[in-house]
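Asker: For reference, each letter of the sequence shown is one residue, going 7 to 346 in this note's numbering.
Built from N, CA and C at the ideal position, the CB exists for glycine as well.
These figures come from a predicted structure and were not determined experimentally.
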Amino acid sequence: MNRKLKTPGSSHGLVLGKFYPPHLGHQYLIEFAYRYVDQLTIVVEEMPRETLPVALRASWLTSLFPKAEILQLKDQNPQDPSETPEFWAIWESSLKRIISEPLDYVFASEAYGNPLAKCLDAEFIPVDPNRERYPTSGTQIRQNPYKHWQYLSLPVKQYYQKRICVCGPESTGKSTLSQWLTEQLNQKQPSSAQLTSEYARTYLESRNTALEHSDIERIALGQNVSEQCHDTSPSPFHIIDTGVKASQVWGEFLFNKTSNMLVKLCQETNYDLYLLCHPDIPWVKDGIRYLPKESHQFYNRLKEVLSKEKSSTVIEVFGQGQARQKLALDACLDVIDNAI
7 MNRKLKTPGS
17 SHGLVLGKFY
27 PPHLGHQYLI
37 EFAYRYVDQL
47 TIVVEEMPRE
57 TLPVALRASW
67 LTSLFPKAEI
77 LQLKDQNPQD
87 PSETPEFWAI
97 WESSLKRIIS
107 EPLDYVFASE
117 AYGNPLAKCL
127 DAEFIPVDPN
137 RERYPTSGTQ
147 IRQNPYKHWQ
157 YLSLPVKQYY
167 QKRICVCGPE
177 STGKSTLSQW
187 LTEQLNQKQP
197 SSAQLTSEYA
207 RTYLESRNTA
217 LEHSDIERIA
227 LGQNVSEQCH
237 DTSPSPFHII
247 DTGVKASQVW
257 GEFLFNKTSN
267 MLVKLCQETN
277 YDLYLLCHPD
287 IPWVKDGIRY
297 LPKESHQFYN
307 RLKEVLSKEK
317 SSTVIEVFGQ
327 GQARQKLALD
337 ACLDVIDNAI
């Protein structure tokens with residue numbers, strides 16, 4: 007039976023799913039539905055023993071579709087009609103309990119959409135049933151998000167991205183190693199790594215006055231903002247030269263103090279892996295280096311600061327040439343279980 011199209015301002019649609027995790031196929035489905043109706047409800051299903059909590063998945067969808075109504079379905083409903091003859095009645099009861107207004111349309115890319123629409127007294131609207139636009143699935147992504155990176159939604163990329171900070175005293179090869187790691191990872195899988203350069207050098211090369219503690223704060227803030235700018239288009243690896251935490255140690259060494267601003271920035275900035283470069287390579291003077299005789303003390307203090315980062319891994323990088331590079335690259339690949 008053909009239904010009469012609802013008048014503008016009155017149509018209400020439903021998209022139901024696990025969104026485990028959300029990907030571009032889901033986004034296309036939801037975007038289609040959002041443009042088709044005046045009011046859209048998205049129901050996110052909770053899963054037993056889920057590794058991505060329903061609240062997290064719902065928050066991702068809220069960030070992508072802030073004007074849609076996002077509901078969490080906590081009921082542990084059967085997943086296949088063969089499990090019980092009451093399958094559709096159970097789903098009808100669950101959904102009508104949390105959806106306050108009558109539905110006009112149910113949007114889905116799978117066959118369940120038609121019987122689900124019938125039990126909700128709505129019309130089924132199929133969307134890309136063969137997944138031709140985005141040939142992926144949540145299962146494939148959970149198994150290896152890095153192999154299916156191009157299909158991940160933005161907040162999901164931000165969740166899975168590994169932030170790797172190459173840090174240490176001056177003249178320990180941080181910038182060279184950061185650039186090399188980025189190139190190597192991109193050779194293994196194109197576009198798998200992006201680099202945020204050290205902001206301190208950019209800042210210091212533009213100044214010709216004596217350094218003050220406020221400069222340390224500006225460097226830390228500039229570093230933080232530089233990293234955030236890259237987070238708008240994330241790659242699997244974000245290689246960060248120097249990072250924010252070193253600014254705290256610089257403040258201590260040069261001015262014997264810190265500040266609330268530095269502490270706050272350090273608390274807000276997190277990395278999955280620190281590659282702490284040991285000062286076991288020759289010092290090179292370049293005009294904006296300050297502590298040629300205190301590299302080991304700086305190293306030990308930074309190591310102490312990083313030891314308090316309970317959610318991060320710290321790998322000390324020693325050695326010369328290829329040995330140093332291999333140690334760092336192996337550590338990077340380990341954080342994603344060599345998934346690229």
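Less than 8 Å between the C-beta atoms of residue 51 and residue 79, yes or no?
Answerer: Taking 8 Å as the Cβ cut-off, residue 51 and residue 79 qualify as a contacting pair.
Asker: Give me the Cα-Cα distance between residue 69 and residue 160, rounded to the nearest whole angstrom.
Answerer: Approximately 9 Å, taken between the alpha carbons.
Asker: For a test of the three-state rule: what should DSSP assign to residue 10, helix, strand or coil?
Answerer: Here the model assigns residue 10 a pLDDT of 49, short of 50, so the residue's position is not dependable, and the following value carries that caveat. In the structure shown, residue 10 sits in coil (DSSP, three-state: anything other than H, G, I, E or B).
Asker: Which term fits residue 90, buried or exposed, when burial requires 16 or more other beta carbons within 10 angstroms of its beta carbon?
Answerer: The residue is exposed, with fewer than 16 neighbouring Cβ atoms inside 10 Å.
Asker: Between which two residues does the beta strand (DSSP E) holding residue 169 run?
Answerer: Its beta strand (DSSP E) spans residues 168-173.
Asker: Where does residue 178 land, buried or exposed, given buried means 16+ other C-beta within 10 angstroms?
Answerer: Classification for residue 178: buried.
Asker: For residue 113, is the classification buried or exposed, using 16 other Cβ atoms within 10 angstroms of its Cβ as the cut-off for buried?
Answerer: When all chains shown are included, residue 113 counts as buried.
Asker: Can residue 242 and residue 152 be called in contact, C-beta distance under 8 Å?
Answerer: Closer than 8 Å, so yes.
Asker: As an exercise, report each continuous beta strand (DSSP E) stretch of at least 3 residues that is fully enclosed by the stretch 245-289, in chain order.
Answerer: Counting whole runs of 3 or more residues, the stretch 245-289 contains the beta strand (DSSP E) stretches 279-283.
Asker: If you draw a straight line from the alpha carbon of residue 226 to that of residue 65, how long is it in whole angstroms?
Answerer: Those two C-alpha atoms are separated by around 29 Å.
Asker: Can you have a look at residue 280 and say buried or exposed, based on whether 16 or more other CB atoms are within 10 angstroms of its CB?
Answerer: Label assigned to residue 280: buried.
Asker: Does the stretch 265-277 come close enough to the stretch 131-144 that 3 or more CB-CB pairs lie under 8 Å?
Answerer: Flag = no, the stretch 131-144 and the stretch 265-277 do not touch.
Asker: Is it buried or exposed for residue 171, if we count other Cβ within 10 angstroms and need 16 for buried?
Answerer: So residue 171 ends up on the buried side.
Asker: Where does residue 10 land, buried or exposed, given buried means 16+ other C-beta within 10 angstroms?
Answerer: Per-residue confidence for residue 10 stands at a pLDDT of 49, beneath the threshold of 50, marking its modelled position as unreliable; no derived number is given.
Asker: At 3 residues or longer, and completely inside the stretch 127-172: list those beta strand (DSSP E) runs for me, N to C.
Answerer: Those beta strand (DSSP E) runs which fall completely within the stretch 127-172 and span 3+ residues are 129-132.
Asker: For residue 8, count neighbouring Cβ atoms within 10 angstroms of its own Cβ and tell me buried if that reaches 16, exposed if not.
Answerer: Residue placement at residue 8 is flagged as unreliable, the pLDDT there being 48, under the threshold of 50; the coordinate-derived value follows with that caveat. Exposed, by the Cβ-count rule.
Asker: Tell me which residues share the same chain as residue 25 and place their Cβ nearer than 7 Å to its Cβ, disregarding the 5 neighbours each side in the sequence.
Answerer: Hits under 7 Å: 32, 50, 63, 67.
Asker: Let's see if you can read the secondary structure: which residues bound the beta strand (DSSP E) around residue 75?
Answerer: Per DSSP, residue 75 belongs to the beta strand (DSSP E) from 75-79.
Asker: Cutting at 6 Å between CB atoms, please list the residues of its own chain near residue 38, excluding the five before and the five after it.
Answerer: Only 133 meet the Cβ criterion.
Asker: Shortest alpha-carbon distance to residue 185 belongs to which of 209, 232, 244, 175?
Answerer: Nearest of 209, 232, 244, 175 to residue 185, Cα basis: 244.
Asker: If you run the structure through DSSP and keep just helix, strand and coil, what is residue 321?
Answerer: It is a strand residue.
Asker: Quick check on DSSP: helix, strand or coil for residue 294?
Answerer: Here residue 294 sits in coil by DSSP.
Asker: Considering only the beta carbon of each residue, do residue 42 and residue 19 sit closer than 8 Å?
Answerer: Contact flag set, yes.
Asker: Which same chain residues, not among the five before or five after residue 169, have their C-beta less than 6 Å away from its C-beta?
Answerer: Once the five neighbours on either side are set aside, the close Cβ partners of residue 169 are 244, 277, 278.
Asker: Determine the closest residue to residue 59 out of 27, 40, 72, 36, with distance taken between C-alpha atoms.
Answerer: The option with the nearest alpha carbon to residue 59 is 27.
Asker: Short check: CB of residue 183 to CB of residue 294, under 8 Å?
Answerer: Not closer than 8 Å, so no.
Asker: Within a Cβ cutoff of 7 Å, which residues of the same chain sit near residue 76, ignoring the five residues on either side of it in sequence?
Answerer: Contacts found: 48, 50, 64, 67, 68.
Asker: Do residue 175 and residue 285 have their C-beta atoms within less than 8 Å of each other?
Answerer: Cβ distance < 8 Å, so residue 175 and residue 285 count as in contact.
Asker: Residue 84 by DSSP, collapsed to three states: which one?
Answerer: Coil, per DSSP.
Asker: What's the C-alpha gap between residue 315 and residue 344?
Answerer: Their backbone Cα atoms lie some 23 Å apart in a straight line.
Asker: Just reading off the beta strand (DSSP E) that residue 311 is part of, what are its end residues?
Answerer: Counting along the chain, residue 311 falls outside any beta strand (DSSP E), though it belongs to the alpha helix (DSSP H) covering 301-312.
Asker: Using the three-state DSSP reduction, which class does residue 326 fall into: helix, strand or coil?
Answerer: Three-state DSSP puts residue 326 in coil, outside helix and strand.
Asker: The beta strand (DSSP E) spanning residue 179 covers which residue range?
Answerer: Unbroken run through residue 179: none, as it is neither H nor E.
Asker: Assuming residue 237 contacts residue 204 (C-beta within less than 8 Å), just tell me the rounded distance between them.
Answerer: With a Cβ gap of about 17 Å, residue 237 and residue 204 do not count as contacting.
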